[in-house]
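Student: Read left to right, the sequence shown gives residues -22 to -1, 1 to 187 (mature numbering (1 follows the signal peptide of the UniProt record, and there is no 0)).
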Amino acid sequence: MAISRRHFVAAGGALPFAAATATGLLAPSEARAAKPQILESDHVMGLPGAPITIIEYASLTCGHCGNFHNLTFGGLKKNYIDTGKVKFVYRHFPLDRYAFIAAILAECAGEQGNFFQMIDVIFERQGTWTREKDPALALIELGKENGVPLESFVHCLTNQELVDAIASESLIGSSQFGVDSTPTIFIQGEKYERNRDFETMDSYLKTLA
């Protein structure tokens, strides 16, 4: 059967429940004082032996997350990740339906080894696709432009195992690590509460070297 945009939108209509289950219905008050560790399922950028670990929980429609990735992350990558000082972990914490769909797009690109490239594109174009009349259709075009054809996107969107994995990642972040907003950043297992501009993070990371 040929896949149309209508099929994509219809399939996407089932996602708000999953997103709500992962985020809005959780009670951060239940969070324990646990420290997140790198998991086999994580998307990790950087050398495995890098001494510092940064874990970010982010929503792809979150403006603060977009600012972090567009204004700060480049400096972190150049000065810390690429130099072997930091390994960076990105985890999903979608705050709405379209953030959930965008997370699926990133995972779909990840099947071709392009997860972080798609994350970069989604954040770089956040100010455009999130303001479209139908952001889901805008994500279709964004995927097609970056190597994820519509048929592959729909297959990922209707992959219940993938949907459940994203929801579970959010649920664990909220229930075990107290994540209740985005971006939430952990450095060496501790929640980072300072400013997220590069200069402040750079100063902090230097104290860990």
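Even glycine gets a Cβ: it sits at the ideal position worked out from N, Cα and C.
When you compare only the Cα positions, how much space is there between L17 and V67?
Tutor: Here the question's residue 17 lines up with position 39 in the sequence shown. Here the question's residue 67 lines up with position 89 in the sequence shown. Those two C-alpha atoms are separated by around 9 Å.
Student: Which whole-angstrom value is the C-beta distance of I59 and I165, which I expect to be below 8 Å?
Tutor: Working through the sequence shown from its first residue, we reach residue 59 at position 81. Working through the sequence shown from its first residue, we reach residue 165 at position 187. I59 to I165, Cβ: 13 Å. No contact.
Student: Between the C-alpha atoms of T172 and L149, what's the straight-line distance to the nearest angstrom?
Tutor: Position 194 of the sequence shown holds residue 172. Position 171 of the sequence shown holds residue 149. Before going further, note that residue 172 is Arg rather than Thr in the sequence given. Whole-angstrom Cα-Cα distance: 24 Å.
Student: Tell me, to the nearest whole angstrom, how far the beta carbon of G125 is from that of V64; I am working on the premise that it is less than 8 Å.
Tutor: The residue you call residue 125 lines up with position 147 of the sequence shown. The residue you call residue 64 lines up with position 86 of the sequence shown. Not confirmed; about 27 Å, so no contact.
Student: Quick one: grab the DSSP three-state call for R174.
Tutor: Counted from its first residue, the sequence shown places residue 174 at position 196. If DSSP states are grouped into helix, strand and coil, R174 belongs with coil.
Student: Whose CA, out of I163, S181, F176, D175, lies closest to the CA of A36?
Tutor: Your numbering for residue 36 matches position 58 in the sequence shown. Among I163, S181, F176, D175, the Cα nearest to that of A36 belongs to I163.
Student: If you draw a straight line from the C-alpha of K169 to the C-alpha of G151, how long is it?
Tutor: Position 191 of the sequence shown holds residue 169. Position 173 of the sequence shown holds residue 151. Going by the C-alpha atoms only, they are around 12 Å apart.
Student: So who's on the other strand from R69, going by DSSP bridges?
Tutor: For the purposes of this step, residue 69 is taken as the residue at position 91 of the sequence shown. For R69, which the question treats as bridged, DSSP gives the partners Y35.
Student: Locate the alpha helix (DSSP H) running through V22, then write down its first and last residues.
Tutor: Counting from one through the sequence shown, the residue named residue 22 turns up at place 44. No alpha helix (DSSP H) holds V22; the beta strand (DSSP E) holding it covers 21 to 23.
Student: From the DSSP output, which residues share a beta bridge with T162?
Tutor: Position 184 of the sequence shown, counting from 1, holds the residue named residue 162. Note: T162 sits in a beta bridge opposite Y35.
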